[in-house]
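**Student:**
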Amino acid sequence: DAGVIQSPRHEVTEMGQEVTLRCKPISGHNSLFWYRQTMMRGLELLIYFNNNVPIDDSGMPEDRFSAKMPNASFSTLKIQPSEPRDSAVYFCASSLFGGATNEQFFGPGTRLTVL
Amino acid sequence: DAKTTQPPSMDCAEGRAANLPCNHSTISGNEYVYWYRQIHSQGPQYIIHGLKNNETNEMASLIITEDRKSSTLILPHATLRDTAVYYCIVNAGGTSYGKLTFGQGTILTVHP
Chain A
24 DAGVIQSPRH EVTEMGQEVT LRCKPISGHN SLFWYRQTMM RGLELLIYFN NNVPIDDSGM
84 PEDRFSAKMP NASFSTLKIQ PSEPRDSAVY FCASSLFGGA TNEQFFGPGT RLTVL
Chain B
901 DAKTTQPPSM DCAEGRAANL PCNHSTISGN EYVYWYRQIH SQGPQYIIHG LKNNETNEMA
961 SLIITEDRKS STLILPHATL RDTAVYYCIV NAGGTSYGKL TFGQGTILTV HP
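Read top to bottom, the protein sequences are chains A and B. Letter by letter, the first sequence follows residues 24 to 138 in the numbering used here. Letter by letter, the second sequence follows residues 901 to 1012 in the numbering used here.
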């Protein structure tokens, strides 16, 4: 398996623009997580899905952020409108909840820069 | 989930064992201890986890005290590639669906 795939790997945009980050989880995994990492706040969980259903979105910073998982093999994280403080590395992770370890497999991340 | 406390940084000589401590004094009976690490510019990577017994895999060993209030991750023969931030996380599973709450972790520097 190719592991968790994220695109784009780097995104530079201007304040006010819409940004869409994409994630393809590992085939067969039933849980998907979106994280954000900054120097100031560290690694924060934004939202997680189980069987394509959002379970906990309490980490989503505000209404400008939205996440969807239309099927088991694809998820998006959208920021509209983007602001400079959204600049961070965004990681997607997937796991097989109920498996032997519940290990989360992380993607390579998307480095977002909002000017 | 219970809170964890780790030293902010540690050093280790290459080839020596690296022992990374973690306190989790408020851990509940159904909570597991997980260890992840993050090498610079990469996503975190699972290392090992345990409930109350000591565990060992190809990457590391996990020693959990009998009262479960603390644990130690052991890298038996550290290499330069083990330089990373190491996170100790307590997770209950269940309806949290394996949710992980990352703290600041321990920056481990392995030097020649």
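Where is the CB? At the ideal position from N, CA and C, for every residue including glycine. Owing to the predicted nature of the structure, the values given are computational and were not obtained by experimental measurement.
Use the C-beta contact count for Ile939(B): other C-beta atoms within 10 angstroms, 16 or more gives buried, fewer gives exposed.
**Tutor:** On the second sequence, residue 939(B) is found 39 positions in, with the first residue counted as 1. The residue is exposed, with fewer than 16 neighbouring Cβ atoms inside 10 Å.
**Student:** Taking all protein chains shown into account, decide if Val892(B) is buried (16 or more other Cβ within 10 angstroms of its Cβ) or exposed.
**Tutor:** Since the first residue shown for chain B is 901 and the last is 1012, residue 892(B) is missing from the structure and cannot be characterised.
**Student:** If you count every other CB in all the chains shown that lies within 10 Å of the CB of Val27(A), and 16 or more means buried, which is it?
**Tutor:** Counting from one through the first sequence, the residue named residue 27(A) turns up at place 4. Buried is the call here.
**Student:** In whole angstroms, give me the CA-to-CA distance for Gln60(A) and Ala984(B).
**Tutor:** Here residue 60(A) refers to the residue found at position 37 of the first sequence. Here residue 984(B) refers to the residue found at position 84 of the second sequence. So the alpha carbons of these two residues sit roughly 15 Å apart.
**Student:** So, is Arg968(B) buried or exposed, given that buried needs 16 or more other C-beta atoms within 10 angstroms?
**Tutor:** Mapped onto the second sequence, residue 968(B) falls at position 68. Arg968(B) should be labelled buried.
**Student:** For Asp79(A), report the span of its beta strand (DSSP E) as first-last.
**Tutor:** Taking the first sequence and counting its residues from 1, the one referred to as residue 79(A) is at position 56. Residues Val76 to Asp79.
**Student:** Quick one: does Gly943(B) have its CB under 8 Å from some CB of chain A?
**Tutor:** Counting from 1 along the second sequence, the entry for residue 943(B) is found at position 43. Cβ-Cβ to chain A under 8 Å: yes for Gly943(B).
**Student:** Between the alpha carbons of Glu914(B) and Ala960(B), how many angstroms are there, rounded?
**Tutor:** Counting from one through the second sequence, the residue named residue 914(B) turns up at place 14. Counting from one through the second sequence, the residue named residue 960(B) turns up at place 60. One C-alpha to the other measures close to 15 Å.
**Student:** Does the region 904-913 of chain B come close enough to the region 35-49 of chain A that 3 or more CB-CB pairs lie under 8 Å?
**Tutor:** No: fewer than three Cβ pairs fall under 8 Å.
**Student:** Under 8 Å between C-beta atoms, does Leu1008(B) make it to chain A?
**Tutor:** Here residue 1008(B) corresponds to residue number 108 of the second sequence, with the count starting at 1. Not one chain A Cβ lies under 8 Å of Leu1008(B).
**Student:** Three-state secondary structure (DSSP) at Arg32(A)?
**Tutor:** In the first sequence, counting from the first residue as 1, residue 32(A) sits at position 9. In this structure, Arg32(A) counts as coil in the three-state DSSP scheme.
**Student:** What are the residues in the region 943-970 of chain B lying within 8 Å of chain A by C-beta distance?
**Tutor:** Here the close residues are Gly943, Pro944, Gln945, Tyr946 and His949.
**Student:** How would you list, in chain order, the residues of chain A whose beta-carbon sits under 9 Å from the beta-carbon of Gln1004(B)?
**Tutor:** Locating residue 1004(B) in the second sequence gives position 104, counting from the first residue. Near Gln1004(B) (Cβ distances below 9 Å), the residues of chain A are Gly65.
**Student:** Can you look up Arg64(A) in the DSSP assignment and give me helix, strand or coil?
**Tutor:** As a first step, residue 64(A) is located in the first sequence; it is residue number 41 there, counting from the start. Arg64(A): coil per DSSP, three-state reduction.
**Student:** If you pair each beta-carbon of the region 63-74 of chain A with each one of the region 998-1011 of chain B, do three or more pairs fall below 8 Å?
**Tutor:** Judged by Cβ distances under 8 Å, the region 63-74 of chain A makes contact with the region 998-1011 of chain B, as three or more pairs qualify.
**Student:** Work out the CA separation of Trp57(A) and Phe76(A) for me, nearest whole Å.
**Tutor:** For the purposes of this step, residue 76(A) is taken as residue 53 along the first sequence, with counting starting at 1. For the purposes of this step, residue 57(A) is taken as residue 34 along the first sequence, with counting starting at 1. It is worth fixing the name first, because residue 76(A) is Val in this sequence and not Phe. One C-alpha to the other measures close to 13 Å.
**Student:** Among Leu951(B), His1011(B) and His949(B), which one has its Cα closest to the Cα of His977(B)?
**Tutor:** Numbered from 1 along the second sequence, position 77 holds the residue referred to as residue 977(B). For the residues Leu951(B), His1011(B) and His949(B), the minimum Cα distance to His977(B) belongs to His1011(B).
**Student:** From the beta carbon of Thr1001(B), is the nearest beta carbon of chain A less than 8 Å away?
**Tutor:** One-based indexing of the second sequence puts residue 1001(B) at position 101. Judged by the 8 Å Cβ criterion, Thr1001(B) is in contact with chain A.
**Student:** List the endpoints of the continuous beta strand (DSSP E) containing Met92(A).
**Tutor:** By 1-based counting over the first sequence, the position of residue 92(A) is 69. Segment Phe88 to Asn94, the beta strand (DSSP E) holding Met92(A).
**Student:** With the cut-off set at 8 Å, would you say Leu1008(B) and Asp982(B) are in Cβ contact?
**Tutor:** In the second sequence, counting from the first residue as 1, residue 1008(B) sits at position 108. In the second sequence, counting from the first residue as 1, residue 982(B) sits at position 82. The answer is yes: Cβ separation under 8 Å.
**Student:** Fully enclosed by the region 960-985 of chain B, which beta strand (DSSP E) runs are 3 residues long or longer?
**Tutor:** Counting whole runs of 3 or more residues, the region 960-985 of chain B contains the beta strand (DSSP E) stretches 961-964 and 970-975.
**Student:** What residues from the region 91-125 of chain A come within 8 Å of chain B, judged by C-beta to C-beta, listed N to C?
**Tutor:** Those would be Phe114, Ala116, Ser118, Phe120, Thr124 and Asn125, in chain order.
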